[in-house]
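Colleague: Before we start, here is the structure in question, set down as structure tokens.
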Amino acid sequence: MLLTFTFLRIRHCCQFKTGCLESFWLFSCFSPAGYKPCDPQVIRDRVQHLELCYQELCALAAQRRARLEQSRRFWNFLWEVTELESWIKEKEHIFSTLDYGKDLTSVLILQSKHSAFEDELGARRANLEPLLAEEGAMVQAKHFGSPQIQESMDDIRRQWQQLEELAAFRDFYQKFQQLSPLRFFFWGGGVDKLFEADMVTGDQEWQKVE
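Everything in the sequence shown is counted per my numbering, starting at -16 for the first residue and increasing by one.
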């Protein structure tokens, strides 16, 4: 508001130039002898200087407006990156736990939660695409925060890849645990016992043949 008021005052002074010169001419015509008014050229020079100052002030105002817009864009980008990074770390903590279920029921519950997480991961992936596009646009425009922008997005890419790998591993492991009878069979040494029984049967049959 103050800047706008200043602009209006300067513009009014510039527009008042012609009136001042006319008044000076009239006053010089009717003034007493010996009076020496100000040189009209001095007035013109002062007015011209005032106009130049006004133009410079307008240019500075435009530059500051552009700079503030760049700053708003930069901090808004970092806010979104920080929010996404917090979400990734939260999910990494959850899916890094060793709780894979103790029975078929608990495995099915965890698998249902994992399916919901995969849906959320897909939605977050859709939010990641605009961030990548915004990063490219600001770097290409040589934004003043380009180094920090690139560093933040490199971290996000690395964390995102780790999260997807962790989610894929957990999904595979839970699907394996869903096969409960086979799981206990394998973990209980069923394969070894079956192999030993087969070897014994084979030896007996071989002895009969001899």
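Glycine is no exception: its CB is placed at the ideal position from the N, C-alpha and C atoms.
Within 10 angstroms of its Cβ, does residue 108 collect 16 or more other Cβ (buried), or is it exposed?
Modeller: By one-based count along the sequence shown, residue 108 stands at place 125. Residue 108 should be labelled exposed.
Colleague: Rounded to whole angstroms, what is the Cα-Cα separation between residue 64 and residue 75?
Modeller: Reading the sequence shown from its first residue, position 81 is the one you call residue 64. Reading the sequence shown from its first residue, position 92 is the one you call residue 75. Spanning the two alpha carbons is a distance of roughly 16 Å.
Colleague: Report, in whole angstroms, the separation of the C-beta atoms of residue 67 and residue 139, which I expect to be a contact under 8 Å.
Modeller: In the sequence shown, the residue the question calls residue 67 occupies position 84. In the sequence shown, the residue the question calls residue 139 occupies position 156. Confirmed, about 6 Å.
Colleague: Figure out for me which residue from 31, 112, 35, 57 has the closest Cα to the Cα of residue 130.
Modeller: One-based indexing of the sequence shown puts residue 130 at position 147. Minimum Cα distance to residue 130 is reached at 57.
Colleague: Pair every Cβ in the stretch 109 to 128 with every Cβ in the stretch 48 to 57, then say whether three or more of these pairs are closer than 8 Å.
Modeller: yes
Colleague: Can you say whether residue 135 is buried or exposed, counting buried as having 16 or more other CB atoms within 10 angstroms of its CB?
Modeller: Here residue 135 corresponds to residue number 152 of the sequence shown, with the count starting at 1. The residue is buried, with at least 16 neighbouring Cβ atoms inside 10 Å.
Colleague: Tell me the DSSP secondary structure of residue 21 in three-state form.
Modeller: Residue mapping note: residue 21 aligns to position 38 of the sequence shown, counting from 1. If DSSP states are grouped into helix, strand and coil, residue 21 belongs with coil.
Colleague: Just to confirm before moving on: does the CB-CB distance between residue 142 and residue 71 stay below 7 Å?
Modeller: Within the sequence shown, the letter at position 159 stands for residue 142. Within the sequence shown, the letter at position 88 stands for residue 71. Yes, Cβ-Cβ distance for residue 142 and residue 71 is below 7 Å.
Colleague: When we look at the beta-carbon of residue 118 and count the other beta-carbons within 10 Å, is it buried (16 or more) or exposed?
Modeller: For the purposes of this step, residue 118 is taken as the residue at position 135 of the sequence shown. Its Cβ being crowded by 16 or more others within 10 Å, residue 118 is buried.
Colleague: Can you tell me whether residue 78 is helix, strand or coil according to DSSP?
Modeller: The residue given as residue 78 occupies position 95 in the sequence shown. It is helical.
Colleague: Assign residue 138 to one of three DSSP states: helix, strand, or coil.
Modeller: Counting from 1 along the sequence shown, the entry for residue 138 is found at position 155. Residue 138: helix per DSSP, three-state reduction.
Colleague: Does DSSP put residue 154 in a helix, a strand or coil?
Modeller: For the purposes of this step, residue 154 is taken as the residue at position 171 of the sequence shown. Helix at residue 154.
Colleague: Evaluate contact between the stretch 109 to 116 and the stretch 37 to 44, counting only Cβ atoms and requiring at least three cross-stretch pairs below 8 Å.
Modeller: With the rule of 3 Cβ pairs closer than 8 Å, the stretch 109 to 116 does not count as touching the stretch 37 to 44.
Colleague: Can you give me the start and stop residues for the alpha helix (DSSP H) that residue 96 sits inside?
Modeller: Position 113 of the sequence shown, counted from the start, is the residue given in the question as residue 96. Residue 96 -> alpha helix (DSSP H) spans 87 to 123.
Colleague: Take residue 104 as the anchor and find which of 88, 26, 148 has the nearest alpha-carbon.
Modeller: Position 121 of the sequence shown holds residue 104. Minimum Cα distance to residue 104 is reached at 148.
Colleague: Hey, how far is the Cα of residue 115 from the Cα of residue 106?
Modeller: By one-based count along the sequence shown, residue 115 stands at place 132. By one-based count along the sequence shown, residue 106 stands at place 123. Their Cα atoms are separated by approximately 15 Å.
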